[in-house]
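Report on one structure; see the data block that follows.
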Amino acid sequence: MTAATDAPVRRPLAPAGGGVPLTAARLLRLELRHNTMPWLLPLIAALFWFDTYRPSTATPPYWVLRTFWNMGQGHTIIDFAPFVAGVAAWVGSRDGRRGTADLVTAAARPRWAVQLAAWAATAIWAVGGYLAFVGALFALYAHQGVRGQPPWWWVAVGAAAVLAFSAAGFAVGALYPSRFAAPLAAFGAMLAMLMSSQTGFTHTSGWAQILPTNSNGNFQADSGMLYPWLPDLPIVRTMFLAGIAVAALGLLGLPAAAGGPRLRLAAAVTVLAGLAAAGTAAGLAGTARLGPHGLVIPALHDAANDRPIAYTPDCAGGGFRVCLNPDYGSELAHVTAALAPVVREVAGLPGAPVRATQVAAKYSAGEGQGGQAMTISGHPPVLGMPLGALGIPGAFGWTDGETAGQLQLLLVHAFVGAGNGVGTPAQQAAQAALLQGAGLPFASQPNLLGSVGLPSWAPATGGPGPTTPVPATGPIYAAARRLAAMPAGPRHAWLAAHLAALRAGHVTLAQLP
Amino acid sequence: MTAAGVHSQAPRATHASAVRPGPAWLWLPWLYLVSRRAPAALALLAGCGALLWAALHWHWYVAGGPAAQMLFPLVTEAGAATVITATTYGPFGEPERATGRWLPYLRLGAAVTLTAAAIGALAVGSTGGELYGGFAAMARNVAGMTGVGLLCAVVLGGMLAWAGPIAYWVLAEGALANRLTTPWVWPARPPLDRGAAICAYLVFAAGLVLITVRGAHESVRDTAT
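From first to last, the protein sequence lines are chains Z and Y.
Counting in the working numbering, the first sequence tops out at residue 513, every number present.
Counting in the working numbering, the second sequence tops out at residue 738, every number present.
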């Protein structure tokens, strides 16, 4: 008996007519009953709980935050891929290992069709398992009251990835029927996932966006709450992974033993179609640009997805009203309380905001999703306040006090007119004095400025991080101390008279009182 | 169907006799190793070493701290463990068990030799750059994950035992990312951590003992090449 790849060309069989679908269904049922994948699903379930569900519960209850680790960074795929590839390779190498290649080649069905039935059974178990686990995960999140909309498109990407790994693993097993096929396929999947993550962390644009675990720009801070999840990138990733699956399955039909000439020609066309789909998808990913709501791929983009999600805000506060998206309703009291001391400090001054309203947080490749500056605009002035991942206690392990400090800093920074930069020395000194007046002592301000998640101007003016205490010294803090030491009335009067010049950058440190 | 090859000698048997080692006492271990595809396993272990060398030389690190730098070496260590576990499967089944009184020693020798070869290959690979954790952590991780694989071979069989080291890699990757520090997830502990070393080598010893005494679980439905 010879190995699968050495078997002679078999004569094409006459079409079996109406019996074909029934035979195929029986074959598939047999393969489903004897498949190995179900035996590994309990192991995958345990890993899924440990690696996918457990870490996500440490984040605040928003879909975008809960699923960033497991969908955005692809841990659901990492948990499945090596096992699916390994089992598929094992199933694919079955005829070669058992020495039954000739037997199968001489059977009533073309060898390719038999192999496709075995692969389909593995893929059904694998994708079915993936969807069942993700379904259970989402049901658990929903039960916990997670807010926003689930990232359905990213579930489709995960399912396509499982499909692709099953096809690639099966091809490895069929073409290299050895005891090492399964471990090699599993190891290859593990390596592919690791390289995908590694490349993904360092490539924020271009072709690398096609990689299934590249998390750059795919999960925006307010996706599914203030604006919809953009489907552009998930569509090209699904297309890429499906293309790989099709090409891998087509490869199985190319050897002489796979079937007659027409079947092999169809297999060759299948390979080319799969490669074309994968190549096109990679090319489309290369055209992606970062829009305010996520990665936009011009050839696929639907302008309807740019429309923000309509909502009636939840508001709180007496004189100073704070209005948030209802998905952020549970943060309303915290945000209102955090802003109140600064609002009291600047009340009555020119340009002081009379209310605050939440605006959509935007992701930028340079700043990440934490770099969200506040703005003050309109008549009367209104504070535009992006929250997103910022300002949410627990998002990065922050406490209520830390997030309150960040909100106060961002409000004062906008108030002194420093915009998206570090501000002039005088603006920085006024900012420090106002924060001191709002209850944030000078000594704690450098560490606040150095905390993770603030716009890049903050660490530039503060310390290297919250774990390294930096003294609040230097000419800026000296000027700030002078300003803060003034009685409230004269300080208020000076600020009222000089705020316009301060915001325009025309005030120097020496001119501060 | 073709009859080609039915009357010819098995190609691997020919190969084995052609390269028969000199002393007679080496003949049985050699046959055992060939039947377990140990030469192919050694080639794959060398490949793991080469991969580690390339990763260290060209800095294929995941962005992040020391934990992230552990991931690539850990993948090659898990890969080496899967290769070793795949060699536990025996193609002869009951006849071999009934007649081979040296079989437990051969199993033990093969597992120890291949583990040593894996550590050696990865040690050579680590010359490509700075290996996070150094030799001690690498040897501990390889031994521990091989132990996991050997235990899986006893329970699941040699053909599915690769799932053990792979599952352990996923577990360790999650533990590293989430800063878990139980000694049972030894890659997440410092290189010279005593608790982690005890756990890893305990698992390795348990795997060696069980694979020596019981051998890999065998399914009558499967034969290997």
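From the three backbone atoms N, C-alpha and C, an ideal C-beta is built for every residue, glycine too.
Quantities reported herein were computed from a predicted structural model and do not represent experimental measurements.
Sheet register partners of residue i (DSSP bridge)
i, result
"threonine 357 of chain Z", "Z/Cys323, Z/Gly384"
"valine 296 of chain Z", "Z/Arg289"
"threonine 375 of chain Z", "Z/Gly384"
"serine 223 of chain Z", "Z/Tyr227"
"tyrosine 62 of chain Z", "Z/Arg147"
Whether residue i touches residue j by CB criterion (9 Å)
i, j, result
"glycine 243 of chain Z", "alanine 276 of chain Z", "yes"
"glycine 283 of chain Z", "methionine 193 of chain Z", "no"
"alanine 429 of chain Z", "alanine 480 of chain Z", "yes"
"valine 84 of chain Z", "serine 166 of chain Z", "yes"
"leucine 137 of chain Z", "threonine 52 of chain Z", "yes"
"alanine 611 of chain Y", "alanine 551 of chain Y", "no"
"phenylalanine 415 of chain Z", "glycine 329 of chain Z", "no"
"alanine 303 of chain Z", "glycine 274 of chain Z", "no"
"alanine 514 of chain Z", "alanine 45 of chain Z", "The structure shown does not extend to residue 514 of chain Z, since chain Z is modelled only from 1 to 513, so the question has no answer here."
"glycine 417 of chain Z", "glutamine 406 of chain Z", "no"
"leucine 627 of chain Y", "threonine 600 of chain Y", "yes"
"valine 507 of chain Z", "leucine 434 of chain Z", "no"
"proline 425 of chain Z", "proline 475 of chain Z", "yes"
"leucine 684 of chain Y", "leucine 584 of chain Y", "no"
"asparagine 654 of chain Y", "tryptophan 697 of chain Y", "no"
"serine 93 of chain Z", "alanine 174 of chain Z", "yes"
"alanine 24 of chain Z", "alanine 88 of chain Z", "no"
Through-space distance from residue j to residue i, alpha-carbon basis
i, j, result
"alanine 123 of chain Z", "methionine 37 of chain Z", "9 Å"
"histidine 730 of chain Y", "tryptophan 615 of chain Y", "18 Å"
"glutamine 408 of chain Z", "leucine 449 of chain Z", "11 Å"
"proline 326 of chain Z", "methionine 190 of chain Z", "41 Å"
"glycine 741 of chain Y", "arginine 549 of chain Y", "With chain Y covering only 514 through 738, there is no way to say anything about residue 741 of chain Y."
"glycine 534 of chain Z", "leucine 705 of chain Y", "Because chain Z is modelled from 1 through 513, residue 534 of chain Z falls outside the range shown and cannot be assessed."
"alanine 478 of chain Z", "glycine 394 of chain Z", "34 Å"
"glycine 670 of chain Y", "alanine 121 of chain Z", "22 Å"
"valine 661 of chain Y", "leucine 693 of chain Y", "19 Å"
"leucine 324 of chain Z", "leucine 295 of chain Z", "25 Å"
"tryptophan 112 of chain Z", "glycine 188 of chain Z", "24 Å"
"aspartate 542 of chain Z", "proline 703 of chain Y", "The question about residue 542 of chain Z has no answer, for chain Z in this structure spans 1 to 513."
"glycine 677 of chain Y", "leucine 715 of chain Y", "16 Å"
"glutamine 445 of chain Z", "glycine 86 of chain Z", "53 Å"
"alanine 182 of chain Z", "isoleucine 679 of chain Y", "11 Å"
"glycine 613 of chain Y", "leucine 546 of chain Y", "14 Å"
"glycine 217 of chain Z", "glycine 505 of chain Z", "34 Å"
"leucine 251 of chain Z", "glutamine 220 of chain Z", "38 Å"
"alanine 117 of chain Z", "alanine 256 of chain Z", "19 Å"
"leucine 140 of chain Z", "isoleucine 392 of chain Z", "21 Å"
"glycine 279 of chain Z", "proline 234 of chain Z", "15 Å"
"cysteine 482 of chain Y", "lysine 362 of chain Z", "Here chain Y has residues from 514 to 738 only, and residue 482 of chain Y is not among them."
"alanine 650 of chain Y", "methionine 658 of chain Y", "12 Å"
"tryptophan 802 of chain Y", "arginine 54 of chain Z", "No statement about residue 802 of chain Y is possible, as the shown extent of chain Y runs from 514 to 738 and does not include it."
"leucine 131 of chain Z", "leucine 30 of chain Z", "22 Å"
"proline 464 of chain Z", "tyrosine 645 of chain Y", "Summary for proline 464 of chain Z: the model assigns pLDDT 49, below 50, so the residue's position carries little reliability; its value from the coordinates is reported in the next sentence. Rounded to the nearest angstrom, the two C-alpha atoms are 25 Å apart."
"aspartate 400 of chain Z", "leucine 499 of chain Z", "31 Å"
"tryptophan 398 of chain Z", "valine 146 of chain Z", "19 Å"
"phenylalanine 48 of chain Z", "leucine 663 of chain Y", "23 Å"
"glutamine 431 of chain Z", "glycine 638 of chain Y", "54 Å"
"valine 625 of chain Y", "leucine 721 of chain Y", "8 Å"
"proline 466 of chain Z", "glutamate 402 of chain Z", "Because the pLDDT at proline 466 of chain Z is just 47, under 50, the model does not fix this residue reliably, and the value given afterwards should be weighed accordingly. Near 10 Å, if we compare the C-alpha coordinates of glutamate 402 of chain Z and proline 466 of chain Z."
"arginine 97 of chain Z", "valine 91 of chain Z", "10 Å"
"tryptophan 675 of chain Y", "proline 586 of chain Y", "18 Å"
"threonine 287 of chain Z", "threonine 204 of chain Z", "12 Å"
"isoleucine 77 of chain Z", "serine 451 of chain Z", "32 Å"
Inside the segment 68 to 152 of chain Z only - alpha helix (DSSP H) runs reaching at least 4 residues: If we require 4 residues or more, the alpha helix (DSSP H) runs fully inside the segment 68 to 152 of chain Z come out as 75 to 92, 94 to 98, 101 to 105, 111 to 143.
Quick check: the segment 213 to 227 of chain Z against the segment 59 to 70 of chain Z, are at least 3 beta-carbon pairs closer than 8 Å? Of all C-beta pairs linking the segment 59 to 70 of chain Z to the segment 213 to 227 of chain Z, three or more are shorter than 8 Å, placing the two stretches in contact.
The segment 265 to 276 of chain Z in contact with the segment 303 to 323 of chain Z per 3-pair CB rule at 8 Å: Fewer than three Cβ pairs drawn from the segment 265 to 276 of chain Z and the segment 303 to 323 of chain Z lie within less than 8 Å of each other, which leaves the two stretches out of contact.
If you pair each beta-carbon of the segment 609 to 625 of chain Y with each one of the segment 718 to 725 of chain Y, do three or more pairs fall below 8 Å? Judged by Cβ distances under 8 Å, the segment 609 to 625 of chain Y makes contact with the segment 718 to 725 of chain Y, as three or more pairs qualify.
When the Cβ atoms of the segment 624 to 636 of chain Y are set against those of the segment 558 to 572 of chain Y, are three or more pairs found closer than 8 Å? Yes: the two stretches touch, three or more of their Cβ pairs being nearer than 8 Å.
Are there three or more Cβ pairs, one per stretch, closer than 8 Å when the segment 376 to 386 of chain Z is compared with the segment 346 to 362 of chain Z? Verdict: yes, contact present.
Which complete beta strand (DSSP E) runs does the segment 558 to 635 of chain Y hold, if anything under 3 residues is left out? Listed in chain order, there is nothing to give.
Between the segment 192 to 212 of chain Z and the segment 338 to 349 of chain Z, can you find at least three pairs of beta-carbon atoms closer than 8 Å? With the cut-off at 8 Å, the segment 338 to 349 of chain Z and the segment 192 to 212 of chain Z do not touch.
Jot down the residue ranges of each uninterrupted alpha helix (DSSP H) in the segment 233 to 316 of chain Z, minimum 4 residues, whole runs only, in chain order. Complete alpha helix (DSSP H) runs here, min 4: 261 to 286.
What runs of the alpha helix (DSSP H), each 4 residues or longer, lie entirely inside the segment 388 to 426 of chain Z? DSSP assignment within the segment 388 to 426 of chain Z yields the following whole alpha helix (DSSP H) runs of 4 residues or more, N-terminal first: 400 to 415.
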